[in-house]
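Remarks on the structure that follows.
Number of protein chains: 6
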Amino acid sequence: MLLRVINPNTTASMTAVIAASARAAAGPGVRVEAITAPMGPASIESHYDEALAVPGVLAAVAEGERDGADGYVLACFGDPGLDAARELATGPVIGIAEAAMHAATLVGRGFSVVTTLDRTRGRARDLAARYVAADACRGVHACDIPVLDLENDPSVRMRVVALGRAALEQDGSEVIVLGCAGMADLGAAVSAELGVPVIDGVAAGVALAEALVRIGAPTSKRGEYATPPAKPYVGRLRAFGT
Amino acid sequence: MLLRVINPNTTASMTAVIAASARAAAGPGVRVEAITAPMGPASIESHYDEALAVPGVLAAVAEGERDGADGYVLACFGDPGLDAARELATGPVIGIAEAAMHAATLVGRGFSVVTTLDRTRGRARDLAARYVAADACRGVHACDIPVLDLENDPSVRMRVVALGRAALEQDGSEVIVLGCAGMADLGAAVSAELGVPVIDGVAAGVALAEALVRIGAPTSKRGEYATPPAKPYVGRLRAFGT
Amino acid sequence: MLLRVINPNTTASMTAVIAASARAAAGPGVRVEAITAPMGPASIESHYDEALAVPGVLAAVAEGERDGADGYVLACFGDPGLDAARELATGPVIGIAEAAMHAATLVGRGFSVVTTLDRTRGRARDLAARYVAADACRGVHACDIPVLDLENDPSVRMRVVALGRAALEQDGSEVIVLGCAGMADLGAAVSAELGVPVIDGVAAGVALAEALVRIGAPTSKRGEYATPPAKPYVGRLRAFGT
Amino acid sequence: MLLRVINPNTTASMTAVIAASARAAAGPGVRVEAITAPMGPASIESHYDEALAVPGVLAAVAEGERDGADGYVLACFGDPGLDAARELATGPVIGIAEAAMHAATLVGRGFSVVTTLDRTRGRARDLAARYVAADACRGVHACDIPVLDLENDPSVRMRVVALGRAALEQDGSEVIVLGCAGMADLGAAVSAELGVPVIDGVAAGVALAEALVRIGAPTSKRGEYATPPAKPYVGRLRAFGT
Amino acid sequence: MLLRVINPNTTASMTAVIAASARAAAGPGVRVEAITAPMGPASIESHYDEALAVPGVLAAVAEGERDGADGYVLACFGDPGLDAARELATGPVIGIAEAAMHAATLVGRGFSVVTTLDRTRGRARDLAARYVAADACRGVHACDIPVLDLENDPSVRMRVVALGRAALEQDGSEVIVLGCAGMADLGAAVSAELGVPVIDGVAAGVALAEALVRIGAPTSKRGEYATPPAKPYVGRLRAFGT
Amino acid sequence: MLLRVINPNTTASMTAVIAASARAAAGPGVRVEAITAPMGPASIESHYDEALAVPGVLAAVAEGERDGADGYVLACFGDPGLDAARELATGPVIGIAEAAMHAATLVGRGFSVVTTLDRTRGRARDLAARYVAADACRGVHACDIPVLDLENDPSVRMRVVALGRAALEQDGSEVIVLGCAGMADLGAAVSAELGVPVIDGVAAGVALAEALVRIGAPTSKRGEYATPPAKPYVGRLRAFGT
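For the protein sequence lines, the chains are A, B, C, D, E and F, in the order given. Its first residue numbered 13, the first sequence is counted upward by one per residue in the numbering used here. Its first residue numbered 13, the second sequence is counted upward by one per residue in the numbering used here. Its first residue numbered 13, the third sequence is counted upward by one per residue in the numbering used here. Its first residue numbered 13, the fourth sequence is counted upward by one per residue in the numbering used here. Its first residue numbered 13, the fifth sequence is counted upward by one per residue in the numbering used here. Its first residue numbered 13, the sixth sequence is counted upward by one per residue in the numbering used here.
Right, dumping it as structure tokens:
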């Protein structure tokens, strides 16, 4: 089984963090390949960045289809381009916010999200409203660390632990969801300190994608996720047309 | 007052239809400029098309900011790039699905959407869930006409009328919302035949944008729609970075 | 275009405040007439007052129809008699809570309401549940100033600013909605101090009513808002029958 | 225990039907007095009628307070003036739509409402949204019989039975709620024919009001239902002021 | 009329507290019999206890049917076995959480629940979501007293009062619901101290069951609550089969 | 990794069907053991059966904990005893309705459930409301085949296919969820005929449980799923106490 894990931003060092977490979550016989988006922003910290990360994600999925990938994980917590990627893909496509939120609801009654910047909290709430039942997501909390600082700032773990502890208390939640692919290496350590399950979406995404492939559940091609109709594209995006 | 109406697809003849409807809806002293997206798909009929229409929309908004536009209307019923456009804009930005759905709830208890392709119905439902109260959108119906055929097919009006009539009956609704910018020229005729208000989002979008500018309600720059942080972009989208 | 703005309470000095805000919001060629309710309470501060303000509102709308009004604004934040007024009117009828809440969702992700008395907070929440999507209204806050004191108390603006600032912080909101027609003159000043859009429902109501008239969207007469069946009335309300 | 059952319309023959059903539902030691509204419409078939029935309801409640009533039932399925009446009353005030819907959810998973005119269906849905959990009310069906014809038209029972049977099937519901006080005498017969519980709101309202009085649960005077502040009223409604 | 009030736990002294409250709530001519569950846990403080209390509840309902009971009250705030009991019963079956929450919404706009252990708060929220409209239950608060300590601990009343007072303030609620059958004797005293209605579910359950029996509303046998199909059972539960 | 799959009913031949589907879904290195409930009903076709299946489920989970099981799947579509089982278990516990519904939302926008008896449709809807976002479950359809006939009736597959096809059309859904563990062997064949993903909850449950174990996500022991407090039990259920 071949799973492609796509880093929607264009920073290769972050792809490396993602790849490590992804590989650790895969079962025997699963090949995981991590891909950096071929175009777009260095990090995703606004609706603007997220929207402009989508072309890179779609180019990577199109390439994956040519290479015979069995499933995909989109490794940014905004799940950029998820619906469009599903139109292109034959197998399952999982966003890491989606994966983490679903997994969290399977091991506790309510979860809190710990994310990076305050301005992205709305997006996390929107995704929760789409993915899970109404009261599952009890709160979204920002640690105010820019995405690309996650890998260099030695205080990150400590701040995520402190924010997670406060969130459990304040929200009455039972599980922590890490709200950024750049936190993928923190799950086990934070869980050990807080004494609750801490879900990293990259690991959850790989494990769920593998699960869907194994039970023979591809993306439905009936209705909304059917292959897009062919048509001309113009300008810088000409290559995306047919 | 200068309002920019952006056609997110790259078909100029459709921009002309949009421009006519937009100008008819503007009050005295309002200048309406209709812009065709500078890159992307010829029409928007899938999540894939919609996602790839967003860079063109954002380029047009960025240009509008340089030109001093007071507000924007995004003239595709999927409201592509609305959140990201708001981050770029100083004044209000209105999507035509958003405008039409809000307007519809002001003149009746429930509305039905008449749109083009079956596969886009999910997107319309998602937008209704975001924009209006839970029971306002009573149904979304597709007339199965590709977007670019709207302007050439002489049977369009008849089919929209028939579908609208059936929708009013089946949904128990009181207002019809036209679910495609390419239907912008049909509103008055369909309303005359059905005897209920028929809302064209282009007209509604222009009138609402004008209303917001007049009452001094710009896009809030606190929180989610603050200006995006500057950062490098790579590849085909390099020009969107800073 | 003739718009009638109806003050549902019977205090003429408050009608004057409303009229000033209403006229400032109207475009060229729009005549705005502000009317004081011909019967009912001096101010509206309870369900009891609100219910008993409705006959006056309906009398004013009936008069408007005789005078050829193109649209109406009901200038009390409880939107008293909105559904019944729509049954009487040919053109659009907009409540100021409705107008302000719709406008607020077009310029930010979440709004807070700043209103007068604590006991009216439930009504504001009920209206939000009817008008806008579930998470748009993030909080309703009372400044504990009786309605008729708004015009005399020099500390009002300061208290509204302070309450608004606290609401933005506590609710994580991005827009302030003024929850009383008697605050119609405060919008610009409060917005300047808080740095976010502040929506006065009177201005929003006039601008939206004008927008609906311009795009040819009258109240739907199919279904719930059809003209009421004629019938006898008795007692003090005899004049409302036919 | 003294319960006042208020007929919000001004048709005394309908008060007689209501009184019979109300008395049959009261336990030993409960005195039930049925009152015809002292002003307003002959029947309630629109938002306009309903709004203008409220002053009569409030006059009757004020009189009830002077007479020492222990509780009230508002015997029109639109529950006109319920919130305002609670502000005036010391004891519990129950609307018959409220009573019937609550009772229905206690004896089945989902109910259907059988009401009079199509145009009142929206009001019934609004009340269901306020009173009961989201999926309890499975449908609202109109038999297209004007309110005052209910007592004269010998085909009413047959038509209610037929509509109820179709509703059970179509909605997958398990209980029928009668959607008009004028149907109060039909409950037992319709239930016998359909083989499911059929809830008449007048009976349910009396039984629930009695239950609340017996367990010592008056209307809460904390917050929204506190006694309204005193103030002057003018015009025809002068007598409602203080 | 014979009502059976079933204490789902196996502690007879708690049945005595329940019986006293139940009898006080019954009208003239109603015989109330309180039954201790014949098997299961001494108290119910977890999902595990609650699930294992259900066989005892069902045995008691089966016995009640043989004895001709007209209705049932399940006197544990988790309403254990409510759906299954309704399948067995001819008359109405009311859970005390259900009864209390319904009653609370009839006398105020929002209620707070004061319960025993923190871990049972999720169950109370689940029940509120099932029984009442979305914003009726404003908060669930735990006083951290084990169920069986309620009858011995002299500080209970004081702690419930303090918690209730804080809940009214924090939740903006207007009514208190007592979240444990073991608090059935506290209602009047707590209400006197807080000045708001305080609903004891045992009293509310008896009064509502009596109301339903009196208006002729049995459990619907159409659909979900039809008599269960006969079949063999094995092991310790053999006696529950047929 | 050891996963215990518990058949909550007491029919061993159905356990065999479940075991086959479960083993086919497990990855390399995962040992799957299928267990028949040691007490309770031969099949689960009512709330009564379901409630009385729970003691057997809990006995099996307690045994699994003694045997060092890493995770559990509850193989009945009503997910009987899920919350209580989580209190007992260290690792994850997944119900098959839960697993199937989550998996379905990952491969399509809306799913339809095809189940056995009409009377169980309400339970399926309740579970959907708890597990997934509001519009994910588009319909629940019954093929009217008793559970234990599934294995003997040669027409089952044909009827499930026909019902599934109608459901896709009527509900506008994109995925089919099989609503009974006894249908576990039908997934692939039905999917081949309908051309959409068909989710068998047993396979989905095993794959998800394995995924959660692999990413280190046990049941949270903070809050609602903490180990139940020890206490005495009496009667037939004495052995469940401590």
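Just so it is clear, CB atoms sit at the ideal spot from N, CA and C, and this is done for glycine as well.
- Rounded to the nearest whole angstrom, the C-alpha separation of LEU94(E) and GLY107(E) is 7 Å.
- According to DSSP, residue pairing for ARG16(F) in a beta bridge involves GLU45(F) and TYR84(F).
- Annotated three-state conformation of ILE108(A) is helix, per DSSP.
- If you draw a straight line from the Cα of MET51(D) to the Cα of ALA96(F), it comes to about 58 Å.
- Bounds of the beta strand (DSSP E) holding ALA154(B) are 149 to 154.
- At a beta-carbon threshold of 7 Å, the residues of chain F lying near GLY134(B) are ARG121, ordered along the chain.
- Within 7 Å of the CB of VAL208(D), the CB atoms of chain E belong to SER232 and ARG234, in sequence order along the chain.
- The beta-carbon distance between ASP91(D) and LEU14(D), rounded to whole angstroms, is 21 Å. This is too long to meet the 8 Å contact definition.
- For VAL187(A), the residues of chain F that pass the 9 Å Cβ criterion are ALA229, SER232 and ARG234, in the order they occur in the chain.
- Cβ atoms of ILE47(D) and ALA72(D) come within 8 Å of each other, at about 5 Å.
- In terms of beta-carbon proximity, ARG248(C) lines the interface with chain D, with at least one pair separated by less than 8 Å.
- Under the rule that a run must span 4 or more residues, the alpha helix (DSSP H) segments found entirely inside the segment 175 to 228 of chain F read 199 to 206 and 213 to 226.
- ILE56(D) and LEU70(F) have their C-alpha atoms some 56 Å from each other.
- Of the candidates ARG142(E), GLY151(E) and ALA148(E), ARG142(E) places its Cα closest to the Cα of ALA148(D).
- DSSP lists no beta-bridge partner residue for SER58(D).
- Per DSSP, the continuous alpha helix (DSSP H) segment holding VAL29(B) begins and ends at 24 to 37.
- Counting only residues of its own chain and dropping the five nearest sequence neighbours on each side, PRO244(F) has a CB closer than 7 Å to the CB of GLY253.
- Collapsing the DSSP output to three states places TYR245(D) in a strand.
- A distance of 8 Å or more separates the beta carbons of ALA74(A) and ALA216(A).
- Under the 8 Å criterion on CB atoms, ALA63(D) is classed as interfacial with respect to chain C.
- Residues of chain B with a Cβ closer than 8 Å to the Cβ of PRO40(C) are, in chain order, GLY39, PRO40 and GLY41.
- For the pair LYS233(C) and SER25(C), the Cα-to-Cα distance works out to about 35 Å.
- Counting the other Cβ atoms within 10 Å of the Cβ of GLU181(F) gives fewer than 16, which makes it exposed.
- Along the segment 138 to 149 of chain D, the positions whose C-beta sits under 8 Å from a C-beta of chain E are ALA141, ARG142, TYR143, VAL144, ALA145 and ALA146, read in chain order.
- Residue pairing for THR127(B): DSSP places it in a beta bridge opposite ALA154(B).
- Between the segment 219 to 236 of chain A and the segment 197 to 212 of chain F, the count of C-beta pairs closer than 8 Å reaches three or more; the two stretches touch.
- With a cut-off of 8 Å on Cβ pairs, the segment 128 to 146 of chain C is not in contact with the segment 201 to 213 of chain C, counting fewer than three such pairs.
- Contact annotation: in the segment 82 to 110 of chain B, residues whose CB is within less than 7 Å of a CB in chain A are GLY93, ASP95, ALA96, GLU99 and LEU100.
- In the displayed model, GLY134(C) falls within a helix according to three-state DSSP.
- Look at the beta carbons and you see the segment 125 to 137 of chain A touching the segment 181 to 196 of chain A: at least three pairs across the two are nearer than 8 Å.
- With 16 or more neighbouring CB atoms inside 10 Å of its own CB, MET113(B) falls in the buried class.
- Residue environment: ASN19(A) is assigned as buried (16 or more neighbouring CB atoms within 10 Å of its CB, all protein chains considered).
- Residue pairing of VAL144(A) in beta bridges, as defined by DSSP: VAL144(F).
- For GLU99(D) and PRO158(C), the gap between their C-alpha atoms comes out near 18 Å.
- By the CB criterion at 8 Å, GLU163(E) and ARG121(D) fall outside the cutoff.
- Chain B places no beta carbon closer than 8 Å to that of ARG78(A), leaving this residue out of the contacts.
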